[in-house]
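Chains as they are written, first to last, in our numbering: chain A, 1 to 475; chain B, 476 to 950; chain C, 951 to 1425; chain D, 1426 to 1900.
Written below as structure tokens is the structure these notes are about.
There are 4 protein chains.
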Amino acid sequence: MHQFDSPNEACGAFGICVPGLDIAQPTYSAMYALQHRGQEAAGIATCDGKTAYIHKGLGLVSQVFNEDNLSHLHGHLGIGHTRYSTTGSPRLSNTQPYILETLDGPLAIAHNGNLINAPQLRRKLLEGGVGLSTSTDSELIIHLLASARGSWLQRIRQMMAIAEGAYALTILTRDAIYGVRDPWGLRPLVLGELENGYAIASESCAFAPIGARVVREIEPGEIVRIDQEGHKIVQGAPAEQAAFCTFEQIYFARPDSILNGRLVHQARQALGRQLARDAPIEADIVVSVPDSGTPHAIGYAQESGIEYSEGLIKSHYIGRTFIQPTDRQRKFGVAMKFNPLPDNLRGQRVVLVDDSIVRGNTCGPLVQLLRDAGATEIHMRVACPPIRFPCFMGIDMANQSELIAAQKSVEEIRDHICADSLAYLSVDGMMNALRSENGYCNACFTGQYPFETPVLELELELKEKEKFAGVLGGS
Amino acid sequence: MHQFDSPNEACGAFGICVPGLDIAQPTYSAMYALQHRGQEAAGIATCDGKTAYIHKGLGLVSQVFNEDNLSHLHGHLGIGHTRYSTTGSPRLSNTQPYILETLDGPLAIAHNGNLINAPQLRRKLLEGGVGLSTSTDSELIIHLLASARGSWLQRIRQMMAIAEGAYALTILTRDAIYGVRDPWGLRPLVLGELENGYAIASESCAFAPIGARVVREIEPGEIVRIDQEGHKIVQGAPAEQAAFCTFEQIYFARPDSILNGRLVHQARQALGRQLARDAPIEADIVVSVPDSGTPHAIGYAQESGIEYSEGLIKSHYIGRTFIQPTDRQRKFGVAMKFNPLPDNLRGQRVVLVDDSIVRGNTCGPLVQLLRDAGATEIHMRVACPPIRFPCFMGIDMANQSELIAAQKSVEEIRDHICADSLAYLSVDGMMNALRSENGYCNACFTGQYPFETPVLELELELKEKEKFAGVLGGS
Amino acid sequence: MHQFDSPNEACGAFGICVPGLDIAQPTYSAMYALQHRGQEAAGIATCDGKTAYIHKGLGLVSQVFNEDNLSHLHGHLGIGHTRYSTTGSPRLSNTQPYILETLDGPLAIAHNGNLINAPQLRRKLLEGGVGLSTSTDSELIIHLLASARGSWLQRIRQMMAIAEGAYALTILTRDAIYGVRDPWGLRPLVLGELENGYAIASESCAFAPIGARVVREIEPGEIVRIDQEGHKIVQGAPAEQAAFCTFEQIYFARPDSILNGRLVHQARQALGRQLARDAPIEADIVVSVPDSGTPHAIGYAQESGIEYSEGLIKSHYIGRTFIQPTDRQRKFGVAMKFNPLPDNLRGQRVVLVDDSIVRGNTCGPLVQLLRDAGATEIHMRVACPPIRFPCFMGIDMANQSELIAAQKSVEEIRDHICADSLAYLSVDGMMNALRSENGYCNACFTGQYPFETPVLELELELKEKEKFAGVLGGS
Amino acid sequence: MHQFDSPNEACGAFGICVPGLDIAQPTYSAMYALQHRGQEAAGIATCDGKTAYIHKGLGLVSQVFNEDNLSHLHGHLGIGHTRYSTTGSPRLSNTQPYILETLDGPLAIAHNGNLINAPQLRRKLLEGGVGLSTSTDSELIIHLLASARGSWLQRIRQMMAIAEGAYALTILTRDAIYGVRDPWGLRPLVLGELENGYAIASESCAFAPIGARVVREIEPGEIVRIDQEGHKIVQGAPAEQAAFCTFEQIYFARPDSILNGRLVHQARQALGRQLARDAPIEADIVVSVPDSGTPHAIGYAQESGIEYSEGLIKSHYIGRTFIQPTDRQRKFGVAMKFNPLPDNLRGQRVVLVDDSIVRGNTCGPLVQLLRDAGATEIHMRVACPPIRFPCFMGIDMANQSELIAAQKSVEEIRDHICADSLAYLSVDGMMNALRSENGYCNACFTGQYPFETPVLELELELKEKEKFAGVLGGS
């Protein structure tokens, strides 16, 4: 899937406790590995058992942090956050971790996900006399924790009892780091072990750079506490019907992470193999839309016996281009990111495999690119079902009106992108490949949300929130 | 008084309501006029009766704002703030106005002053489950207002009932702007009238650039509300024994402001005249330490009949110099800011008049400068009494150990600065010139604070606060 | 004269040689004192007898330099430059000193002034195969020096033989610093002496902060060389009829500098006294347009016997305001910079003294300001003649069409600014006060330029240059 | 090859002429495609037949340019440059294109390569009275052109007659764009054709995004001129023994570019196949060091019949990390850029294919990474010969002392990186795969340079240049 046609993940969270060690540098390394979960802003909060320290800013992890500011983040306890914002221009005030002073010492949180009853929680807090300074769900969570009573564990449980939606949290207190996963398990969270301590991360790929190894994934509704004593996992709220986000498997998570017990790269190859079984075609080569479609394409090639070949080279220079496409450029837009390898394509019947199609605005130019490079037939294969419904659980999927599959039939899409054939993986096929019948949230494909809240109402509330964002906007 | 030897004012506040007009531009103009009350940061919050808008940043008013960001600040209601920070490096998170969403719409405040029972208020809020994100008094005030019950007027009264110390506030709500002055009247606040609306400012100098005229000064303990209906002044808390800050008259306020019913420039000339009566000397010319000592020097010249003459030229290029003084530079340090006019000084007996002496580290070099330029005698005259005690009500006076008059006798100071004679104005003389016997806070001269809180305890608490500032530090 | 109505000086130059000392810090201090001659950019080049070092940038001296970058500027030889640009947006590529490698080691120059035969010199260099990268006169000078033959002294003489116009230069080579003043003496240059070395500066005010004292002013056509051996002054080109810029005396130079043997502050008081003799008026107080008009006003008061009084307070907060004046603001524009002191003005007949009027766009609002504050009569007195002609020798005087005195008679101007009376100093009166009959360039008053080049032709060439500036524009 | 172990290409050049079209936007697109040839700085110069325009800055193409500054670059003629600097901190003054005014209008150049007789050319220019402001070869070239006589074609020929070394140039004049390739053909240059014009680029990958197609590569010693009339190719200097840089084929060029008549991706697969023939091994899977080693690995897999498998995932987040490796981090350094896929590696005998080894500091950690992930044997295969000699023709290869193959035997390297076996491609094998016996410069492998200049002397001169760079350093 091309970056101009991709859903946007909302945030990566991390937490660590290594008694006796200043953990700012390993936290930096881990967040660098979670960079794919948010490129807009980054932050780290630490605590030495007494005082808390924080630094955050707009930009990539490597832009926000340097040796100097890391050196001021003392302590053996730390959490980190990488952020992708879903609305408007990036704001420093929305950057996480959030931090507050409380009667029980500093409290900081890093949050990945999206609450669906935010308006209700918002009202509850305001009625309690708590003033709010941003429009984010994450600020609600930290104030719910701050205004609750009892031990931190008790407070977290109180928060879980009323917060509905997606949340994978890392929480810093004076004495410990907590990891919390919502009862549906919508967003991932995993526990790791270092030589002398423990870490918690949105994805296990954060562990390799700090020499940690996976202990186990945090299960829906669980709370993990890591401190000087070690780690302890308790149930924070009863697990609901599991609804792990399928899109983490298909696209978001890094291929070297482990999700639901399996390496993501393996899961994607399995999706490709399933796709080959479900939508076979006679062709000469299998080509991927790099980089995200590559494991699926390799799986397709393995299962189909058709040779895998590099047909498209992707430029990896990041840096948002500020140039608006002119007529001239629109024609060559995709060509700035992808270059075909004509020698591999000339005269070939090509299976072009991508992980997913969201808006569908890059498939057409890509098909044309291959055809211009000499491909005689182009058969598009997509390793997930058509995306027809918006996500309210933390993924910026585009509005429903922008989702091409919500507007067009498969045949119409095929026609639109000028492919010789087009096939998607079915929901059943996808679930089969992911070795699960019911543990996943497939709402974006099926419209069946894990919550009862009607979609239209949700959309309305989201709009309210955006309006509110304007109320307290600023730099 | 030289900038390197000056107490630092903590902040300027402004508020305005002009129905039917976008007030961002006049607010900008007014804050530009209040720039002398804080050069570290500036901010404006506005409201159109429904939505609030805010922009703030580090730097001068003219650096923080431009046409573009002003154009986004809609509405007929607005408050503004210029900030001088008293501790450590400037932080964006401490920049005002503070703004919160509440059940009754947006709430924003701009605060000038310092609370003396902040630790108690802090604890009270934390015990109520409110998490705090900064170590400022101003955040306490906004949360006290947000967590109180009833109308805004009722909430302000509740806040005034428990907050002790100096506060001149402008408060923005959905429907009105409020101005609040503490019961001691420590910091100034004045009401003005425009063609179709009203404004509130720390000083009346903010009115000229927006075409407003003074209605009257807000009295200790009063609350003024300005809205679509006009203005209304009520008593918010019983007035205490008036304790208006003498230093506003002597140094802080702009000479074209009106304080206690008189133009500050006039008050300063009166101080100079009193000084001439109390500490006469035979001399040829009166020279001021520009710019702040000039009105006092003119008063001295008028009363004494000795000719006023320009003897020192001051460079007005702002821009903190980052260069640490080397041995060589320390010798010439003052010479970078002041240049003598030898033709006016050669062979003259000089009365050198300054408004005040704080640390006393620039008087010596200035005396030397005049002597090198040919002055035969230099008689230093200071238009206020020796400063011997720290301020806990919003002025960054330096620690007591840094106050030269707390460490040395007048004769020792004279010797230290190598003047031929040195005289200060007495407290009685000062009060006489200011036409008041008891309405002023002279704690920095006398050690008699308007509150009962023992000084040492206060200092301890201030130190605690600084430490806490570290707890939640960050950018 | 108000900053919005002021001609702009083009640059300050400085040079220093102190054997055995790293001169970066004294150079910084000296440039800080020359800041009034250019706020757009600043730069320092140094040499340790072998290698040259340079740092320059856009902004004030205190913004461009810090301890770190100064610490990299090694050597006992140095030159510095502060720049005011006359056209368009500031460009880093136009920032001085310019520096080149030559066969005889590094060569750097700092230039104040403007050549009038730049197009001819430009052509000569281009014909010689030298490519030029900017449109500045200063680049022409450095290339003329680089492409000449012989010793540096010989090269400077060759350059002086063909360059016509205003130039005060400091030149850095491997072994010495040179100071050069054009044969007309249009721009000032003065030699100073430190404990162990020498310095050269546009104005003597640069000497005080570095502990230097004036040796003597460099005369028209002279070259001074300072090096390990001391200093040596030689004639570089025959002196022409002296044509020192009157405006340096009236407005540009700092009052504590010495020009033509007299303290500038004294010269300005003398201009004010002459003005009182030439244009007396019955009045109650003399008020200045601060700060630049103050010495003239004091002189006027001294001579006329009318009391000098502060009537206008000027805000010294620098920082260009980006806000375009709206109708509302135009009315209050001047009020943001000047505030009247009504108590001093009420019921008074005022003589308002300014050093000069260029465009005339601030006098009117100032007169109105005084009148609103209660002045009953306002008599404007200007301490120089009407400015009617543009300057081609380094001062950005505005186009002739913008000069109010080139468009209106004195009576029309009086009417325009709504003063009760208006009088200018005459050319003869001015020359009398400056104790000189013919040593000054009064072209901006009289249209008699020190060069034969017809004005219109010059204007044409200047336009060509501006066009050319576009040719090689950039960042 | 890992970025921390890669030679650095010095620059990409581009030129374009499309009569009637403003070419700033296509130039931007083309430079975006040449971003891999230099990420330090970028610039564009254009000309509309009369006036030249330029914008350049430090950073990526997408950072330096935006719609606003592109809109000021008028004209149908343009050149662009992306820069990689070889020494010290990036400097704006070294950013290209360089531009000069000459008697024949504007002249600008974009240069890729390195001259080996720069010191001689430098002296020649200085002796001619031309002052130089940088230490770059490129400034020498533009001044050689500016100071030469005759038509631009004649001047280019004069320059070619005396410049020795590597240079691929694009040159902008008032009427035409020129492309110039040195007589040895060391650096690539290719001509393309658009609908209504022509373009010249370092690599053909720049053509796809602007809708151009390859006409032909510029041959050694050729000059191409493109203008309103079309294009014309002439011989500028006699071709020398061809010495095209092998490293462009192996690593630098983008895989979708055409070099020496063949798609680079194909050439790299051919190198991998040759490697499989020359250094076979019994193994289970072939794994590449992504991304640059992937085509070679695919070629190896194809020829050997061993399955190609993804074993390492590379993070594509650019952004130099400022964090110095601590002991802890050094251990995990490579792990921040590469993540293994254990499921693909466990129990496997792995052939690890990389395109080249320079310093050898990342191979060891990579081998360890694979072993930790479960690989039982790791056989390193390198698709070029050992690099033993420095490059003086434009590639920043590291000093000879840093080249691991200059210090250690193949067996010692194998031992150093802990591989089970290690084999390099031979020079003969490489030339065979590249279908050439003598057209390449293999100096870095063989020490046989295309010029007679002894290596040691060159190194000395390079050091001189670096020292000189210090002489004229700055911002």
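Built from N, CA and C at the ideal position, the CB exists for glycine as well.
query, result
"Short Cβ contact (8 Å threshold) for G75(A) with T102(A)", "no"
"Straight-line Cα distance separating A683(B) from E887(B)", "44 Å"
"Nearest-angstrom beta carbon gap, I1534(D) and S1563(D) [assumed within contact, 8 Å]", "7 Å"
"Beta-carbon proximity of C1436(D) to T1671(D), cut-off 8 Å", "no"
"8 Å Cβ cutoff met for G15(A) and T82(A)", "no"
"Local conformation of S1007(C) per DSSP, three classes", "For clarity, residue 1007(C) is Gly in the given sequence; the question names Ser instead. It is a strand residue."
"Cβ-Cβ distance between E1628(D) and R1679(D) below 8 Å", "yes"
"S884(B) - DSSP class collapsed to helix/strand/coil", "coil"
"Helix, strand or coil at M906(B) according to DSSP, with G and I counted as helix", "helix"
"Exposure of P1188(C), with buried meaning 16 or more beta-carbon neighbours within 10 Å", "exposed"
"Under the three-state DSSP convention, the category T502(B) falls into", "helix"
"H986(C) in three-state terms, based on DSSP", "helix"
"Local conformation of N951(B) per DSSP, three classes", "Given that chain B is displayed from residue 476 to residue 950, the structure contains no residue 951(B) and the question cannot be resolved."
"N-terminal and C-terminal residue of the beta strand (DSSP E) that D1228(C) is part of", "Here D1228(C) belongs to no beta strand (DSSP E); instead the alpha helix (DSSP H) covers 1214-1228."
"C-alpha gap between K1756(D) and A1098(C), whole angstroms", "With a pLDDT of 49 at K1756(D), under the threshold of 50, the predicted position of this residue should be treated as unreliable, though the coordinate-derived value follows. Computed Cα separation, rounded: 60 Å."
"Contact the region 429-438 of chain A vs the region 259-278 of chain A: 3+ CB pairs below 8 Å", "yes"
"Residue(s) in a DSSP beta bridge with C522(B)", "A527(B), L552(B)"
"Sufficient close CB pairs (3 or more, under 8 Å) joining the region 1542-1555 of chain D to the region 1617-1626 of chain D", "no"
"Run of the beta strand (DSSP E) containing I773(B), from where it starts to where it stops", "Run containing I773(B): none in the beta strand (DSSP E); it sits in the alpha helix (DSSP H), 769-779."
"For M160(A), the first and last residue of its enclosing alpha helix (DSSP H)", "152-162"
"Reference G553(B); option with closest CA among I788(B), A881(B), P501(B), Y899(B)", "P501(B)"
"Best match in H1246(C), H1215(C), Y1250(C), G1100(C) for proximity to I1427(C) [C-alpha to C-alpha]", "Outside the displayed range of chain C (951 to 1425) lies residue 1427(C), so it cannot be described from this structure."
"Helix, strand or coil at I838(B) according to DSSP, with G and I counted as helix", "Just to set this straight, residue 838(B) is Cys in the shown sequence, not Ile. Helix."
"Chain B contact for C1155(C) (CB, 8 Å cutoff)", "yes"
"Below-8 Å beta-carbon distance, E1735(D) vs any chain A residue", "yes"
"Per-residue contacts from M811(B) into chain C (C-beta, under 8 Å)", "S979, Y982, A983, P1159"
"Alpha-carbon to alpha-carbon, P290(A) and T1719(D)", "13 Å"
"Chain-order list of residues whose beta-carbon lies under 7 Å from that of C680(B) (same chain, five-residue window excluded)", "A508, R729, D731, S732"
"Where T557(B) falls: helix, strand or coil (DSSP)", "strand"
"C-alpha gap between G1233(C) and F1015(C), whole angstroms", "One detail in the question is off: residue 1233(C) reads as Ala in this sequence, not Gly. Straight-line Cα distance between these residues: approximately 49 Å."
"Where Q1660(D) falls: helix, strand or coil (DSSP)", "strand"
"Backbone CA spacing between S1376(C) and Y1034(C) [nearest angstrom]", "29 Å"
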